[in-house]
């Protein structure tokens, strides 16, 4: 028989039973409704495949785990895509908006054919012999010019910065210059200052040039209006040139290196189709691009990476526009400013609400700080909303459909970016260091997959890219930059200048990042010669000039 005092301890009343039932129910509900990771942790624990051997002073070669060390690199987004023109699907005739123009693929192909024919007839260009300088801000005319020139095997020159214009004109005199009417006076001044007024020049202008600009045109300079060139191609029978090969160079993108030297990336058709394949792989299959998407980009089409994004939009049939701050050329001294309205610019170009944004770190920081500033105005609910959102992120889960989004963050996003902010479903950040401190605030404020990439002027597509659903906080080293994930699906990378002794002791390798793959272009100096980056095994590796370290799970982190 139990002692009397024990019987007294075991005596329960209805209140005790009710409290016990409530506690058990709360515990059960907490386990059932606990946020589950959006991707299995095992998939994030090994993001790169690593070669078994390495050379002295170098790390092993890393590839994306989905590609594998023995896998073949994707060269194109689809089996029937070989050159630039193939990215416009012939069987897709649904209209979409490119900047402020609503156009279908057949209509775009007709305009490309007409403008190409008009150029050959009025500008006197020769197939496979001439070249063209594209001094256009991002617009549909840039796309039409690019496709038209490539279809006739006429290489184009583009600039990553307006400051390179004078040097490129001096070293690579073009057969034709395609630019905006507002730029005509500036172009003429450069030609006259260089003492080339006696040489024949052809300039095609988009828009209506001013009377003052036309009055200053020398006799050796021929100015054509874009509309007249396209109209000429419509009026006559289209000129069909032999199809280019995937290995043909269709453009040279000039950029300035960190040391100030002007270099050019020779992009072939294969480079760009491989870049499109890499951009498409940024999103998982469950969140892949579709025709109902609208892509906005902060990256100029004058760069290899920016052009890969634009042609991904063309291939997928999505609407597309670039941000106001991506403009390179201006008629006067003007520095584009990043503002909140510029990040989600659906009203600027009359496009549908953006669903996928390719931005730079400055755009992300501006947008996030503005949203959180508005959210803090709900001073009673904001602390609870922040705590619950960060708890979900710590568990690997993020959503825009939570109670705290409806009560706090949806209103903040709408006040900052307009009603179209609700359509945003993914953000890709690249072209600059991204602080690790902004990751959690960005995931709370936007509540969409955030992908951090590392891009380079020589590569059409990302070199490194974090998993869209990787919400891990891997800590920070050096300047505290966010990790950039593993190599993209068609790049392999390695680090040079590493300390062998540190690696042998089990440490993480750190060194200068090298890259190679089908999306990597050849490097050209201003003299036109190919600049090779020597490597110990005789293979063509290209140095990025950026130091990085690699984590044990295969994710890379830039060190500045």
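Residue numbers (this note's numbering): -16 to 543.
Virtual Cβ for every residue (Gly too), placed ideally from N, Cα, C.
Computed from a predicted model, the values in this text were never measured in an experiment.
In three-state DSSP terms, what is residue 435?
strand
Separation of residue 431 from residue 108, as counted between CA atoms:
Looking at the two C-alpha atoms, the distance is approximately 48 Å.
Assuming residue 138 and residue 114 form a contact by the criterion Cβ under 8 Å, report the distance between their Cβ atoms to the nearest whole angstrom.
5 Å
Distance check for residue 479 and residue 519, CA to CA, integer angstroms please.
Reliability fails at residue 519, whose pLDDT of 41 lies under 50, so the model's placement of it is uncertain and the value that follows must be treated cautiously. Answer to the nearest angstrom: the Cα atoms are 10 Å apart.
Out of curiosity, what's the CA-to-CA distance linking residue 338 and residue 406?
5 Å
Is there contact between the segment 341 to 353 and the segment 159 to 176, where contact requires at least three CB pairs shorter than 8 Å?
Short answer: they don't touch.
Quick check on DSSP: helix, strand or coil for residue 191?
coil
Below 8 Å on the Cβ atoms is my contact criterion, and I expect residue 491 with residue 534 to pass it. Report the Cβ-Cβ distance as a whole number of Å.
6 Å
Return the chain-ordered list of same chain residues with a C-beta closer than 7 Å to the C-beta of residue 311, the five sequence neighbours on each side being excluded.
120, 142, 144, 145, 283 and 285
Alpha carbons only, please: which of 425, 529 and 245 is nearest the one belonging to residue 345?
425
Within its chain, find whatever has a CB closer than 8 Å to the CB of residue 133; leave out the 5 residues flanking it on each side and keep chain order.
66, 67, 68, 139, 227, 233, 234 and 252
Quick check: is any heavy atom of the ligand ZN less than 6 Å from the C-beta of residue 286?
For the structure depicted, the ligand ZN is absent and the ligand set is empty, with no information on it obtainable.
Can you find at least 3 beta carbon pairs, one from the segment 403 to 422 and one from the segment 355 to 366, that sit closer than 8 Å?
no
Do the segment 443 to 454 and the segment 466 to 475 make contact, defined as three or more Cβ pairs closer than 8 Å?
Counting Cβ pairs under 8 Å, three or more are found: they touch.
Which first and last residues belong to the alpha helix (DSSP H) in which residue 176 is found?
167 to 176
Whole beta strand (DSSP E) elements within the segment 82 to 138, 3-residue minimum
84 to 86 and 115 to 118
Segments assigned beta strand (DSSP E), at least 3 residues, entirely inside the segment 7 to 71:
31 to 33 and 45 to 47
Which of the three DSSP states is assigned to residue 349 in this structure?
DSSP places residue 349 in helix when its eight states are reduced to three.
Please state whether DSSP places residue 408 in a helix, a strand or coil.
coil
Could you compute how far the alpha carbon of residue 442 sits from the alpha carbon of residue 73?
27 Å
Own chain residues within Cβ distance below 6 Å of residue 240, not counting five before or after:
246
Cβ neighbour criterion (16 or more within 10 Å) applied to residue 537:
Residue burial annotation: residue 537 is buried, with at least 16 other C-beta atoms found within 10 angstroms of its C-beta.
Excluding five sequence neighbours on each side, which residues of the same chain lie with their C-beta closer than 8 Å to the C-beta of residue 170?
118, 160, 162 and 186
Other residues of its chain near residue 249: CB distance less than 7 Å, five sequence neighbours each side excluded
232, 235, 504, 505 and 507
What is the rounded straight-line gap between the Cα of residue 2 and the Cα of residue 372?
29 Å
At which residues does the beta strand (DSSP E) containing residue 287 begin and terminate?
Here residue 287 belongs to no beta strand (DSSP E); instead the alpha helix (DSSP H) covers 287 to 299.
Extent of the continuous alpha helix (DSSP H) to which residue 425 belongs:
422 to 429
Mapping the DSSP letters down to three states, classify residue 366 as helix, strand or coil.
Note: residue 366 maps to helix in three-state DSSP.
Is residue 451 near residue 266, with beta carbons less than 7 Å apart?
yes
List the DSSP bridge partners of residue 249.
235 and 505
Got a sec? Which residues, its chain only, sit under 7 Å from residue 547 by beta carbon, not counting five neighbours each side?
This structure cannot settle anything about residue 547, because the visible part of the chain is limited to -16 through 543.
Tell me the DSSP secondary structure of residue -3 in three-state form.
helix
Taking DSSP as the reference, what is the three-state secondary structure of residue 482?
coil
Bridge partners of residue 496, per DSSP?
478
Looking at the structure shown, is residue 282 part of a helix, part of a strand, or coil, going by DSSP?
Three-state DSSP puts residue 282 in coil, outside helix and strand.
Quick check: residue 295 and residue 262, are their CB atoms within less than 7 Å of each other?
yes
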